[in-house]
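*Asks:* Residue numbers for the sequence shown follow my numbering, so the first one is 23 and each next one is one higher.
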Amino acid sequence: MARRSYNSNGSLEKEPEKVKITKESLKETLHLYSYIKPYRNKFFPSLVFIALSAFTTMLYPLFLGKMIDAAVPGAAAEVQSPAMGMGSMANYLDFTGWSLGEILVLMIGVLAIQSVFSFMRIYLLTDVGERSLADMRRDLYSKLISQPMWFFAEQRVGDLSSRMSSDLSQIQDAISFTLAEFLRGIFTLLIGLSLIFIISTKLALVMLAVVPLIAVVAVVFGMRIRKMARKAQDQLADSGSVVQETFSGITVVKAFTAEARELARYSKSIFAVVDTAISNARYRGAFVSFMIFSVFGAIAFVVWFGASMIKTGELKMGQLTSFVIFSAFVGATFAGFADMFSNLQKTLGATQRVRELLRLQGEDVSLDDHQQKQKLDLKGEVELQDIRFSYPSRQDVEVLKGLSLKALPGQQIALVGPSGAGKSTVASILLRFYEPGGGMLTYDGKPAASYSLSELRSQMALVPQEVILFGGSIRENIAYGKPSATEEEIHEAARKANASGFIEKFPEGYDTLVGERGIQLSGGQRQRIAIARAILKDPSILILDEATSSLDSESEQLVQEALDNLMKGRTSFVIAHRLSTIRNADQIVVIDKGRVQEMGSHAELVAKTDGVYKRMIEMQFDWD
Ligand SMILES: Nc1ncnc2c1ncn2[C@@H]1O[C@H](COP(=O)(O)OP(=O)(O)OP(=O)(O)O)[C@@H](O)[C@H]1O
Ligand SMILES: [Mg+2]
């Protein structure tokens, strides 16, 4: 189903994809260190704290065993048993002669120190994780926002925001948790394994004969379960996309009474999740049963073996206790590594995708707010010479096939032609949203490329065909054209755009919120706000793409007057379907099939015997 593919690329809620652990992917991840580097004075201490807290935690079972042995009479007096390998080490850890109370105080003391270590490692690492991630988020956002137009045409917006949220969270987790877990795991294994060997080599070997076996089975089993859980999660995400789609297109759903159809579609995807989840449950159940059976079985076996060693005097009771707890630590750490491994793979995937984006070359737009002051002052001569262009997403269709036109400073150029002729495309080329594939674009006689993009665009204003407002207030939306505008200027611009009337009728006036993308306003109201925005910007070059198309004739006339005033002294490109609005243009350019078919003033074009424009005028005559 076509709609399925909408979400097939792993968008929104899906789990980040995993990547094979290779030298390259690890290298990529190491690049992340450049984000941690500024905070290294916290990062490295936190690593030390991880080591220290792991070490102090491992002392706990040791003390516990010592405490038990201190309580068993006679045990303290016992001489070294032959089975206690590395006797000197064991001696060193021997608390012979310590009273119960002394050991308790020691334990509490160590616990207190260990809580400080744990606190510090969590606090510092979270600090580093949050700060470096904020830097990364900012870098990524600035990369994305400075991407050229075609980038946004090719990417799904959902994918982009998903990268910003899920991939970066994955990386943040890696810095704040996974890394700590990994280091702690390594320390725990090293210390734990050494200690069990110190306590009893024989018992350690017995333990290692069974536990890793269980661990391997658990890991393999666990991976399979995770895979299935992921399938269920993906299916859930798909059903989520059904919800999202229908709600954002609710007008269409209702108008076509498709509620039942959508419900059926949703139910189907929901039941698919249920099926997967239930078959997962079988595996999970088997897994849990197996784990309980084998883990407790293994403990019973080790304790049985250890107990028989106590009987022969090879081991003390407390030592066995310590041993069992250490074994549990070691086993749990082993099992935890499987999780970490899959987490590492996800982090590698996330970093790879984020690094890909970070490596992209943006447009040369200025991201420094202070530098965006207008330095350039264009007179407004614009020339397109033999412009050829096809959209990057549809290379084989040439939209503009050698289009030439010239606007003198202050001239009004009207672009007319059938739908799909390429008029809006010309507007995009003028704004340098896209680079033409051939030909030459000049401003004031100099090639467009000789200006910086920000400079050039700061001299232009666009009232687009489809006006999109930002979710804030009307005031904010108008001021978008000039953030430093005073209240007076904003009202003046609204008045000129014939928008002040409807704005002031709203109870909240200029503070009225326009809703997401401006949906709480009518199309005509949105257009007038966009015009006010352009008026406020006070550009040298004005581009109006169907700027009055959503207005009734009366408002149109009023706005047209405003636009006529606005266009005075500026070069303007006016795209219009209603030909009556462009009658007074200095030049009317008829575009069709990516070429200029005719050019001239209204009088010149209607005087032609077999002109395209003349025919268009005749056809519109009825309803104009
Ligand atoms: N982002 C895009 N990617 C690929 N092709 C596009 C894109 N935008 C427009 N086109 C194609 O380019 C051609 C010209 O489109 P354009 O929007 O310039 O037409 P237009 O003259 O403004 O039409 P209308 O009067 O309907 O607004 C059309 O065939 C259209 O399908
Ligand atoms: Mg258009």
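Note that CB positions come from ideal geometry on N, CA and C, so glycine has one too. Here the structure is a predicted model, which is why all the values come from computation and not from measurement.
Considering Gln192, what are the terminal residues of the alpha helix (DSSP H) in which it resides?
*Replies:* Leu190 to Asp195
*Asks:* Listed by chain order, which residues have C-beta atoms less than 5 angstroms from any heavy atom of ligand 1?
*Replies:* Result: Ala175, Tyr413, Ser415, Arg416, Val421, Ser441, Gly442, Ala443, Gly444, Lys445, Ser446 and Thr447.
*Asks:* Could you please give the first and the last residue of the uninterrupted alpha helix (DSSP H) stretch that includes Leu201?
*Replies:* Run containing Leu201: Leu201 to Ile221, per the alpha helix (DSSP H) assignment.
*Asks:* In the DSSP assignment, what residue or residues form a beta bridge with Ile613?
*Replies:* Val618.
*Asks:* Under three-state DSSP, which class holds Phe411?
*Replies:* Strand.
*Asks:* Starting from Ile597, trace the beta strand (DSSP E) both ways and give me its first and last residue.
*Replies:* Thr593 to Ile597
*Asks:* Please confirm whether any heavy atom of ligand 2 lies closer than 6 angstroms to the CB of Gln487.
*Replies:* yes
*Asks:* Would Leu147 and Ala202 be called neighbours here (beta carbons separated by less than 7 angstroms)?
*Replies:* Yes, the Cβ-Cβ distance between Leu147 and Ala202 is below 7 angstroms.
*Asks:* Where Ser474 and Ala556 are concerned, what is the direct C-alpha to C-alpha distance, given to the nearest angstrom?
*Replies:* 21 angstroms
*Asks:* Take Thr298 and list the residues in its own chain whose beta-carbon comes closer than 8 angstroms to its own, dropping the five residues that flank it on each side.
*Replies:* For Thr298, where only same-chain residues beyond five positions count, the Cβ hits under 8 angstroms are Met250, Lys253, Ala254 and Gln257.
*Asks:* If you check the beta carbons only, do Lys445 and Ile610 fall under 7 angstroms apart?
*Replies:* no
*Asks:* Just mark Tyr532 as buried or exposed, buried being the case when its beta carbon has 16 or more other beta carbons within 10 Å.
*Replies:* buried
*Asks:* Please determine, among Asp149, Ala516 and Ala584, the residue with the shortest C-alpha to C-alpha distance to Ile500.
*Replies:* Cα-wise, what sits closest to Ile500 is Ala516.
*Asks:* Figure out for me which residue from Glu568, Leu453 and Leu366 has the closest Cα to the Cα of Ser562.
*Replies:* Leu453
*Asks:* Can you list, in chain order, the residues of its chain whose CB lies under 7 angstroms from that of Phe323, leaving out five sequence neighbours each side?
*Replies:* Val232
*Asks:* Using DSSP's beta-bridge definition, name the partner residues of Met462.
*Replies:* Answer is Gln407.
*Asks:* Could you please give the first and the last residue of the uninterrupted beta strand (DSSP E) stretch that includes Met482?
*Replies:* Met482 to Val485
*Asks:* Are Thr78 and Ile144 close, meaning C-beta to C-beta below 7 angstroms?
*Replies:* no
*Asks:* What does a CB cutoff of less than 8 angstroms around Val265 pick up in its chain, not counting 5 residues either side in sequence?
*Replies:* Tyr288
*Asks:* In whole angstroms, give me the CA-to-CA distance for Lys423 and Gly461.
*Replies:* If I take the Cα positions, the gap works out to 10 angstroms.
*Asks:* Report yes if the C-beta distance between Phe65 and Ala237 is below 7 angstroms; otherwise report no.
*Replies:* no
*Asks:* With the cut-off set at 7 angstroms, would you say Gln374 and Met589 are in Cβ contact?
*Replies:* no
*Asks:* Give the straight-line distance between the Cα atoms of Leu74 and Leu133, rounded to the nearest whole angstrom.
*Replies:* 12 angstroms
*Asks:* Please classify Pro649 as buried or exposed, where buried requires at least 16 neighbouring CB atoms within 10 angstroms.
*Replies:* Residue 649 falls outside the range modelled here, since the chain spans only 23 to 646, and no answer is possible.
*Asks:* Taking CB distances under 7 angstroms as the criterion, tell me whether Asp632 reaches chain B.
*Replies:* The structure shown contains no chain B; it holds only a single protein chain.
*Asks:* DSSP three-state call for Asp256: helix, strand or coil?
*Replies:* helix
*Asks:* Let me know the secondary structure DSSP gives Gly109 once reduced to three states.
*Replies:* Any answer about Gly109 is weak, because its pLDDT of 46 lies below 50 and its placement is not dependable; what the coordinates show is given next. If DSSP states are grouped into helix, strand and coil, Gly109 belongs with the helices.
*Asks:* Kindly indicate which three-state DSSP category Asn29 falls into: helix, strand or coil?
*Replies:* Model confidence at Asn29 stands at a pLDDT of 33, short of 50, so the residue's coordinates are unreliable; what they give is reported in the following sentence. DSSP places Asn29 outside both helix and strand once states are collapsed to three, so it counts as coil.
*Asks:* At the level of alpha carbons, what is the spacing between Arg159 and Glu152?
*Replies:* Taking the Cα positions, Arg159 is about 10 angstroms away from Glu152.
*Asks:* Suppose you measure from the CA of Gly459 to the CA of Gln417; what does that come to, to the nearest Å?
*Replies:* 10 angstroms
*Asks:* Return the first residue and the last residue of the alpha helix (DSSP H) that Ile451 is part of.
*Replies:* Lys445 to Leu452
*Asks:* Nearest CA to the CA of Asp466: which residue from Glu403, Gly494, Ile409 and Glu514?
*Replies:* Nearest of Glu403, Gly494, Ile409 and Glu514 to Asp466, Cα basis: Glu403.
*Asks:* Of all the options Glu284, Ser480 and Leu491, which has the alpha carbon lying nearest to the alpha carbon of Lys504?
*Replies:* The residue from Glu284, Ser480 and Leu491 with its alpha-carbon nearest to that of Lys504 is Ser480.
*Asks:* May I ask which residues mark the beginning and end of the beta strand (DSSP E) holding Gln434?
*Replies:* Gln434 to Val438
*Asks:* Suppose you measure from the CA of Pro486 to the CA of Ile553; what does that come to, to the nearest Å?
*Replies:* Their backbone Cα atoms lie some 9 angstroms apart in a straight line.
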